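What follows is a set of notes on a single structure, which appears directly below.
Chains as they are written, first to last, in the working numbering: chain A, 210 to 525; chain B, -17 to 422.
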C-alpha cells in the first residue's frame, strides 16, 4: 500500500485528552472546524467522509448536549450512529467496562465516543479496542472536545488565543472541562486565571502554570474571557461551600463582578447553567455571552475531530 | 453598645484619670501616670498626664494610686440570647461584665437558634446596641446548625458582623469536614476558634481522669481527649494555613503541642480559662457541681503548667468561660449536672490571686485579658495607645472582699468562687470614655 501524498493533519489515532497534543495538532483541528461551521449553516449539511462507517456513542454518564452533538456530527459526516446509554446497557446487569468494550469491538465499529464517570476509564477502554476512541469526558480528568470547542469559540470572537487572559471560575476541583481548558489554553499561549473557593480548587493546581485566585475581583482583572463552570447540585449544600446563596454572593458571575474584567470581556459556560448559582441571568443572556455560540461550535468541532480521526481508519 | 452614660457630659468633655498606676499590656510594664480621654478615645497615656498638663475644662478623676488598665476582653462567654434568657441576657451579662472590668465580650454562637445565619448576627448586634452596657461582639458558627457536617455561611456571617467563628462547646469530629471549613475560612481570612475535645474518647466522663475521680466513683476524661483533637487540628492548620485559636486548653500535653506549632510558625493561638488557672480537681471536694466544667478541672500539676504557659506566652489569652446555669440544672447528682460556671464578674479578682501569690506579674495577667485577645480578634481596644478606644478600668488590686453570689449581677449564681476571699475590686469601668460601672 502506498503512503498518502500528505502526512495526516492530526497524527493520533484516538482523541483521549488535550494532554499530549501539540499546538500544531490543536490548531489543525480548529482550522478543520472552521470549515465545518460553514457546512452546518448550509441547507445541505451532509458530507460523505464517514459513509459506511459506524460510530458508537457509549455514554456511561447521562449527557444531553455532548451526546447529541456527537450524534449530529457523525450523521452530518454520513456515518451510522448508534447511541448506547448506560440505562439500557448490559453494564446495568454487571458487565465490566472491559467486557463491554470487547463486546462492542466485536461489532467492528470505526469510532467509539465514550463518556465515563471514572478518570482513566476511556484510556483503559482505548487499549482494548481496535477502532478510534474519542474521550467525551472521563471523571474529573479531561473533556477534550469541550476545550476545543471553547477554543474555537474564543478564536472566532477574539481572532486569536495567544496573549489572551482567560479566567476559569468555580468548581475547578470536579471539573474535567477546567483541566482540558487549562492544558489547551496554556499550549496556545493564553494566560489562565483560576478562581474559586479553596474547597473547590484541587491541591497543586498552581503547578499547572495557572494563577490562582480565591476572590473574583482580582481573579477577573484583565480577563478577555470569563469562563464559568457548573456547580453540581449535590455540591451546593455544605460539603464544599455553605450554600447556593453564599456561593452566588461571592463566586456567582453578575454584572458587578464582570466589571472587573476587561470592558470587552466575553462570558462562556459549558452548560447546562444554574441561573442564580454560578451565573446571573442578566449575564448569561447578555450581549457578552457566548454560551449559545458554544453549542453551535460544539457540533462543528466534533465534525472536525471525527474527520481528523477518519484519516487513520483502515482504508481511510 | 449604648447606655445611659452616653447622654452625660462625660462623653463630650475631656476626661483625665490621674495619679494612677498604669498597667501597659503592650510593653508588659507599669508606670505612674494618667490617661487623658477625648471624644471616647485615648488621647494620651503615660507619666506626662498629670494635673498641670490637662485641658482646662477636663473632668478629673484622681485614682489615688489605684491601677488603671485597658478594659478586659473576654473571648469566651455565653450570654443567653437568643433562646436562653432564663439563664442570662445581654443586659445582665454586660452588667456583670462592667462590674468585673470586662468591656468587650465575644459571645458564644451555640445559642438557640445558633448564630449560623446573618439575621441572628444582626439580631445580636441590635440587642447589644439597645440593651448592652459593654461591647458585645458576635462569633458565628463554623458549621451549619453547629452540627459539624456542613460549612456555615462564613462569608455572609462575616459581612453581617461576626468577628470570629466557632462551634461553641462542640468539637468538629470529622477531619474531612474541618479541613474544608478551614480552607473555606482561610479564603475569608476568618479566625477559626475550636474547642478541642474528642467526644468519643471523653465519652461518659464527668471530671478529670485519675485518682480523685476514682475516689469519687466518677467517670474520668483523660487529658489525651484534648491533646488528640488539638494535635489533629494543628496538622489541619498546617495543611490549610487558617488562623486557628484553641478556645480552651487545660493540660501540659496541649501546651507542648501549641508551643511546637508556634515554633513552627503556624498561625496558632490558645486560651485557657480563669477557672483552670486558679482551681484544680480537688476543689470539687464533696461533689460541688459548680465546679463541674468542660473541659474538667485538672490536677494541680496541670494548673501549674498552665500558669507557666501563661508566663512564657505559650498561652495567649485568659477567658472567663462565663456559662450561667440555673439552680435546677446544677442541683443534681454530679454526673447529671450541667457543666459551666459564671465568671465575667470575678475574672480579674481571681486572676489577681496569681499575682498576689507571686505566680505571674500583673502586666502579663492583664495582657492575656486585653491586648492579646484584641490582637487575635484584630480589635483596636485593649491597649493604652493614643487613638485606641477609651475602654478603661480602674481597680485596687489589694482591696479584700468575699464573693457573695447574691450580689453578683449575672442572672445565675453558679460561681465556683462562692464565699471565696479575694483581693482586687474594680472601682470604675469606662467604655469609649463613658462610665458604665462605678463601685459604690
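Using N, Cα and C, we set each Cβ at its ideal position, and we do this for glycine too.
All of these numbers come straight from a predicted model, not from anything done at the bench.
Residue i classed as buried or exposed, judged by whether at least 16 other C-beta atoms fall within 10 angstroms
i: residue 465(A); result: exposed
i: residue 384(A); result: buried
i: residue 228(A); result: exposed
i: residue 322(B); result: buried
i: residue 282(B); result: exposed
i: residue 316(A); result: exposed
i: residue 439(B); result: Residue 439(B) lies beyond the range of chain B shown here (-17 to 422); nothing can be said about it.
i: residue 170(B); result: buried
i: residue 180(B); result: buried
i: residue 325(A); result: buried
i: residue 132(B); result: buried
i: residue 416(A); result: exposed
i: residue 312(B); result: buried
i: residue 430(B); result: Since the displayed chain B opens at -17 and closes at 422, residue 430(B) lies outside it and no answer follows.
i: residue 389(B); result: exposed
i: residue 94(B); result: exposed
i: residue 274(B); result: buried
Spatial distance of residue i from residue j (CA atoms)
i: residue 359(A); j: residue 142(B); result: 39 Å
i: residue 373(A); j: residue 512(A); result: 26 Å
i: residue 116(B); j: residue 413(B); result: 6 Å
i: residue 415(B); j: residue 18(B); result: 10 Å
i: residue 186(B); j: residue 444(A); result: 36 Å
i: residue 263(A); j: residue 507(A); result: 20 Å
i: residue -17(B); j: residue 225(B); result: Confidence is the limiting factor: at residue -17(B) the pLDDT is only 43, short of 50, which leaves the residue's position unreliable, though a coordinate-based value still follows. Taking the straight line joining both Cα atoms gives about 28 Å.
i: residue 328(A); j: residue 225(A); result: 11 Å
i: residue 61(B); j: residue 177(B); result: 18 Å
i: residue 269(B); j: residue 166(B); result: 43 Å
i: residue 212(B); j: residue 151(B); result: 14 Å
i: residue 475(A); j: residue 468(A); result: 11 Å
i: residue 484(A); j: residue 172(B); result: 29 Å
i: residue 201(A); j: residue 244(A); result: This structure does not reach residue 201(A), given that chain A is present from 210 up to 525, and the question cannot be answered.
i: residue 430(B); j: residue 312(A); result: Nothing can be reported for residue 430(B): it is not among the residues displayed for chain B, which extend from -17 to 422.
i: residue 496(A); j: residue 289(A); result: 38 Å
i: residue 321(A); j: residue 291(A); result: 10 Å
i: residue 268(A); j: residue 242(A); result: 24 Å
i: residue 378(A); j: residue 482(A); result: 13 Å
i: residue 246(A); j: residue 339(A); result: 30 Å
i: residue 304(A); j: residue 413(A); result: 36 Å
For residue i, three-class secondary structure by DSSP
i: residue 466(A); result: helix
i: residue 419(B); result: strand
i: residue 243(B); result: helix
i: residue 235(A); result: helix
i: residue 441(A); result: coil
i: residue 436(A); result: strand
i: residue 346(B); result: helix
i: residue 391(B); result: coil
i: residue 156(B); result: coil
i: residue 191(B); result: coil
i: residue 379(B); result: strand
i: residue 61(B); result: coil
i: residue 316(A); result: coil
i: residue 353(A); result: helix
i: residue 395(A); result: helix
Rounded distance between the beta-carbons of residue j and residue i, thought under 8 Å
i: residue 439(A); j: residue 516(A); result: With a Cβ gap of about 29 Å, residue 439(A) and residue 516(A) do not count as contacting.
i: residue 492(A); j: residue 462(A); result: 5 Å
i: residue 419(A); j: residue 402(A); result: 7 Å
i: residue 408(B); j: residue 83(B); result: 4 Å
i: residue 58(B); j: residue 253(B); result: 7 Å
i: residue 360(B); j: residue 71(B); result: With 8 Å as the limit, residue 360(B) and residue 71(B) do not qualify as a contact, their Cβ atoms being about 28 Å apart.
i: residue 162(B); j: residue 408(A); result: 5 Å
i: residue 134(B); j: residue 122(B); result: 7 Å
i: residue 379(B); j: residue 405(B); result: 7 Å
i: residue 324(B); j: residue 397(B); result: 5 Å
i: residue 203(B); j: residue 184(B); result: 5 Å
i: residue 86(B); j: residue 114(B); result: Their Cβ separation, rounded to whole angstroms, is 11 Å, which puts residue 86(B) and residue 114(B) out of contact at 8 Å.
The stretch 31 to 46 of chain B touching the stretch 340 to 353 of chain B, judged by at least three CB pairs closer than 8 Å: The stretch 31 to 46 of chain B is not in contact with the stretch 340 to 353 of chain B.
contact_flag[the stretch 266 to 282 of chain A, the stretch 340 to 356 of chain A] where n(CB pairs < 8 Å) is 3 or more: yes
Segment contact, 8 Å Cβ cut-off, at least three pairs: the stretch 321 to 339 of chain B with the stretch 295 to 303 of chain B: Yes, the stretch 321 to 339 of chain B touches the stretch 295 to 303 of chain B.
Three or more C-beta pairs below 8 Å linking the stretch 418 to 432 of chain A and the stretch 390 to 405 of chain A: yes
contact_flag[the stretch 187 to 196 of chain B, the stretch 214 to 223 of chain B] where n(CB pairs < 8 Å) is 3 or more: Taking 8 Å as the limit for Cβ pairs, the verdict is that the stretch 214 to 223 of chain B does not touch the stretch 187 to 196 of chain B.
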